[in-house]
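J.: All residue numbers for the sequence shown refer to the working numbering, where the first residue is 4 and numbers rise by one. For glycine and all other residues, C-beta sits at the position ideal for the given N, C-alpha and C. Before we start, here is the structure in question, set down as structure tokens.
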Amino acid sequence: MSLAKRIIPCLDVDNGCVVKGIKFESLREVGEPSELATRYEAQGADEVVFLDISASVENRRTLLDVVQRTAEKLFIPLTVGGGISSVEEMHATLRAGAEKVAINTAAVRDPNLISRCAARFGKQCVVVAIDAKRVSPQKWEVYTHGGRKPTGLEAIAWAHQAAELGAGEILLTSIDADGTQRGYDLELTRAVVEAVDVPVIASGGGGTPNDLYLALTEGRAQAALAASIFHYDQYTVAQVKDFLRERGVTVR
């Protein structure tokens with residue numbers, strides 16, 4: 004019996020407001036985090052991801068007051084990321100209401116942070132976010148600082164290392180596809196899924212229910228994350244789940 008696939012709306016938060024751009028640029032405001040989160044929960048979302056996308060760039064911690072206001076209104080899991088760079092900051096984020104914490108820039112800078120967080124809070128709380136850009140056929144480079152800084156790390160190898168160090172999940176975003184609504188990078192997604200033994204969340208490019216279907220089937224992801232498709236009321240979470248069920252995908 005296959006595990007149910009998850010549908011996860013994403014809130015990219017900048018200065019306390021949810022924003023959306025294309026390929027991590029040209030951001031525009033789309034709403035308030037707690038209001039959007041509760042709307043998506045009512046539509047049947049399995050989880051919500053909250054990413055403070057400017058925290059690492061501005062060298063500051065996640066806006067925990069905004070996280071707390073969002074978490075207080077939710078009954079589904081909330082994953083929070085952005086600017087979290089220590090075990091203590093992860094602890095504060097969990098205390099603010101997050102069920103899982105995503106780390107990206109800090110994990111690249113100090114890979115053993117993954118192990119320390121997993122040892123303290125359990126692997127199930129640790130999500131390693133990977134923002135990857137294609138640099139050649141079948142090769143992707145990891146970027147940090149909100150998709151602004153190339154690292155020289157190869158994305159598939161880094162995903163494998165992160166899982167070995169204790170990541171409970173990989174949140175994988177294709178920078179090339181992000182915000183385009185032209186579909187996920189299925190080759191990238193499938194390559195990471197094959198390289199790790201933990202769930203992979205596909206992110207970047209979802210524009211139609213069929214895009215999410217392909218990420219979960221051809222891409223073999225355990226979950227699909229999307230933003231624009233939900234923020235701009237093109238489809239509801241419920242409509243996406245109905246589409247998937249009709250095509251034989253088990254969803255919650």
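Along the beta strand (DSSP E) that carries Tyr-146, what are the first and last residues, could you check?
T.: The residue you call residue 146 lines up with position 143 of the sequence shown. Residues 142 to 147.
J.: Going by beta carbon distance, what residues of the same chain come within less than 6 Å of Gly-34, once the five residues before and after it are set aside?
T.: Translated into the one-based positions of the sequence shown, residue 34 becomes position 31. Around Gly-34: Val-21.
J.: Would a C-beta distance cut-off of 8 Å place Val-240 and Tyr-43 closer than the cut-off?
T.: Taking the sequence shown and counting its residues from 1, one reaches residue 240 at position 237. Taking the sequence shown and counting its residues from 1, one reaches residue 43 at position 40. Against a cut-off of 8 Å, the Cβ pair of Tyr-43 and Val-240 comes out as a contact.
J.: Should Gly-155 go down as buried or exposed, given a rule of 16 or more other Cβ atoms within 10 Å for buried?
T.: Against the sequence shown, residue 155 aligns to sequence position 152. When all chains shown are included, Gly-155 counts as exposed.
J.: At what residue ranges does the stretch 101 to 183 contain a whole run of the beta strand (DSSP E), taking only runs of 3 or more?
T.: Entirely contained in the stretch 101 to 183, the beta strand (DSSP E) runs reaching 3 residues are, in chain order, 103 to 106, 129 to 139, 142 to 147, 152 to 157, 172 to 177.
J.: I want to know whether the stretch 181 to 191 touches the stretch 200 to 215 - three or more CB-CB distances under 8 Å.
T.: Yes, they touch.
J.: Any contact between the stretch 186 to 197 and the stretch 213 to 222? By contact I mean 3 or more CB pairs, one from each, below 8 Å.
T.: Flag = yes, the stretch 186 to 197 and the stretch 213 to 222 touch.
J.: Leaving aside the five residues before and after Gly-169 along the sequence, list all residues of the same chain whose C-beta is less than 8 Å from its C-beta, in chain order.
T.: Locating residue 169 in the sequence shown gives position 166, where the first residue counts as 1. The answer, listed in chain order, is Ile-117, Ser-118, Cys-120, Ala-121, Ala-122, Lys-126, Val-129.
J.: Here's a check: name, in chain order, each residue in its chain whose Cβ is nearer than 8 Å to the Cβ of Ile-79, leaving out the five neighbours to either side.
T.: The residue labelled residue 79 in the question sits at position 76 within the sequence shown. Only Glu-44, Ala-48, Asp-49, Glu-50, Val-51 meet the Cβ criterion.
J.: Within 10 angstroms of the Cβ of Asp-68, are there 16 or more other Cβ atoms? Answer buried if so, exposed if not.
T.: Mapped onto the sequence shown, residue 68 falls at position 65. The residue is exposed, with fewer than 16 neighbouring Cβ atoms inside 10 Å.
J.: Please state whether DSSP places Arg-9 in a helix, a strand or coil.
T.: As a first step, residue 9 must be located in the sequence shown, where it is residue number 6. Of the three classes helix, strand and coil, the one that applies to Arg-9 here is strand, per DSSP.
J.: Are the CB atoms of Ala-226 and Lys-23 nearer to each other than 8 Å?
T.: One-based indexing of the sequence shown puts residue 226 at position 223. One-based indexing of the sequence shown puts residue 23 at position 20. No, they are not a contact pair.
J.: Going straight from the alpha carbon of Phe-53 to that of Glu-91, what length do you get?
T.: Locating residue 53 in the sequence shown gives position 50, counting from the first residue. Locating residue 91 in the sequence shown gives position 88, counting from the first residue. In a straight line, the C-alpha of Phe-53 is about 19 Å away from that of Glu-91.
J.: For Ser-88, which residues in the same chain have their Cβ closer than 7 Å to its Cβ, ignoring the five residues on either side in sequence?
T.: As a working note, residue 88 is residue 85 in the sequence shown. Here the set comprises Ala-109.
J.: I need the boundaries of the alpha helix (DSSP H) containing Asp-245, first residue and last residue.
T.: Locating residue 245 in the sequence shown gives position 242, where the first residue counts as 1. Segment 240 to 249, the alpha helix (DSSP H) holding Asp-245.
J.: Can you look up Ser-57 in the DSSP assignment and give me helix, strand or coil?
T.: Against the sequence shown, residue 57 aligns to sequence position 54. Coil, per DSSP.
J.: Starting from Leu-81, trace the beta strand (DSSP E) in both directions and tell me its first and last residue.
T.: On the sequence shown, position 78 is the one that residue 81 refers to. Counting along the chain, the beta strand (DSSP E) containing Leu-81 begins and ends at 81 to 84.
J.: At which residues does the alpha helix (DSSP H) containing Val-196 begin and terminate?
T.: In the sequence shown, the residue the question calls residue 196 occupies position 193. Taken as a continuous stretch (DSSP letters only), the alpha helix (DSSP H) holding Val-196 covers 189 to 198.
J.: Rounded to the nearest angstrom, what separates Leu-6 and Val-203 at their Cα positions?
T.: Here residue 6 corresponds to residue number 3 of the sequence shown, with the count starting at 1. Here residue 203 corresponds to residue number 200 of the sequence shown, with the count starting at 1. Those two C-alpha atoms are separated by around 13 Å.
J.: What does Val-69 pair with, by DSSP beta-bridge criteria?
T.: Here residue 69 corresponds to residue number 66 of the sequence shown, with the count starting at 1. Bridge partners of Val-69: none, in fact.
J.: Using three-state DSSP, classify Glu-75 as helix, strand or coil.
T.: Counting from 1 along the sequence shown, the entry for residue 75 is found at position 72. Coil, per DSSP.
J.: Can you check whether the CB of Val-145 is closer than 8 Å to the CB of Leu-175?
T.: What you label residue 175 is simply residue 172 of the sequence shown in a count that begins at 1. What you label residue 145 is simply residue 142 of the sequence shown in a count that begins at 1. Not closer than 8 Å, so no.
J.: Do Gly-86 and Asp-55 come within 8 Å of each other at the CB atom, strictly closer than that value?
T.: On the sequence shown, residue 55 is found 52 positions in, with the first residue counted as 1. On the sequence shown, residue 86 is found 83 positions in, with the first residue counted as 1. Contact: yes.
J.: Below 6 Å CB to CB, which residues in the same chain sit around Val-138 once its five sequence neighbours on both sides are set aside?
T.: Sequence index remark: in the sequence shown, residue 138 carries index 135 (1-based). Result list for Val-138: Glu-144, in chain order.
J.: Check the C-beta distance from Thr-82 over to Val-111 and give it rounded, since I have them as a contact under 8 Å.
T.: One-based indexing of the sequence shown puts residue 82 at position 79. One-based indexing of the sequence shown puts residue 111 at position 108. Not quite, the Cβ-Cβ distance comes to about 18 Å (not below 8 Å), so this is no contact.
J.: Determine the direct distance from the alpha carbon of Arg-31 to that of Ile-232, and round the result to whole angstroms.
T.: In the sequence shown, residue 232 corresponds to position 229, counting from 1. In the sequence shown, residue 31 corresponds to position 28, counting from 1. Near 15 Å, if we compare the C-alpha coordinates of Arg-31 and Ile-232.
J.: Could you pull the start and end residues of the beta strand (DSSP E) that Ile-204 belongs to?
T.: Translated into the one-based positions of the sequence shown, residue 204 becomes position 201. Note, Ile-204: beta strand (DSSP E), 203 to 206.
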